[in-house]
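Engineer: With our numbering as the guide, the letters of the sequence shown map in order to residues 2 to 138. Quick reminder that beta carbons are idealized off the backbone N, C-alpha and C, glycines included. If you're wondering where the values come from, they're calculated on a predicted model, not measured in any experiment.
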Amino acid sequence: MNYSDSEFPWVHIETFGFEHGVPETVIGCLLVDLRGADLDDPAATAELDGRNGKDSDVVQHVMASRMAFTRIEQIVGQAKALLDFNARKNFTLRVLIGDETGRTRAVVVGDAVAEILTARGIPTEVEHHHLGIDTPK
């Protein structure tokens with residue numbers, strides 16, 4: 002299917018923090034849990050603690066993780082497979098990507114997945130549920 006001819010986004014990526022709860026899910030939704038993923042956690046680095054996944058130094062930190070590109074490509078592949086199934090029924094695919102707080106790794110990975118899908122001609126939008134929520138220490 003040629004998704005680039007569409008006037009609406011075929012993929013809706015939502016990032017969130019598990020500590021705040023998982024957004025309501027439906028059939029045909031992809032849920033990605035990054036809490037145990039092999040991605041460096043910016044919160045574990047003193048100079049990045051308190052920053053979020055929109056800060057360039059946080060993006061660089063997460064993307065420098067040994068498995069970052071592999072994990073992102075896995076998510077892109079899974080999303081594309083589900084999208085091909087959902088599109089037959091004219092359903093938008095929801096991709097929920099979560100980490101502990103929803104402020105760092107989930108945001109970086111969600112934005113990267115959206116960028117790749119968009120570059121491949123699949124209209125994609127991103128919503129960050131917990132980006133601006135402070136986490137108590």
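Are three or more beta carbon pairs between the segment 24–42 and the segment 99–114 nearer than 8 Å?
Structural biologist: Contact holds: three or more Cβ-Cβ distances are below 8 Å.
Engineer: Which runs of the beta strand (DSSP E), 3 residues or longer, sit entirely within the segment 46–116?
Structural biologist: For the segment 46–116, whole beta strand (DSSP E) runs of length 3 or above, ordered along the chain, are 94–100.
Engineer: Going by C-alpha to C-alpha distance, which of H13, Y4, S5 sits closest to L94?
Structural biologist: The residue with the shortest Cα to Cα distance from L94 is H13.
Engineer: Put E20 into one of helix, strand or coil per three-state DSSP.
Structural biologist: E20 falls in the helix class under three-state DSSP.
Engineer: Tell me the rounded alpha-carbon separation between P8 and E20.
Structural biologist: Sequence check: residue 8 is Glu here, not Pro. In a straight line, the C-alpha of E8 is about 35 Å away from that of E20.
Engineer: Please name the residue, chosen from V110, A120, K90, R89, that lies closest to K55 on a Cα-to-Cα basis.
Structural biologist: Out of V110, A120, K90, R89, V110 has the C-alpha closest to the C-alpha of K55.
Engineer: Quick check on D42: does DSSP put it in helix, strand or coil?
Structural biologist: D42: coil per DSSP, three-state reduction.
Engineer: Quick check on the DSSP output: the beta strand (DSSP E) that includes V127 runs from which residue to which?
Structural biologist: Residues 125–129.
Engineer: Out of K90, A115, G51, P124, which has the shortest C-alpha to C-alpha gap to R16?
Structural biologist: Per the sequence presented here, residue 16 reads as Thr, with Arg not at that position. Of the listed residues, the one whose Cα sits closest to T16 is A115.
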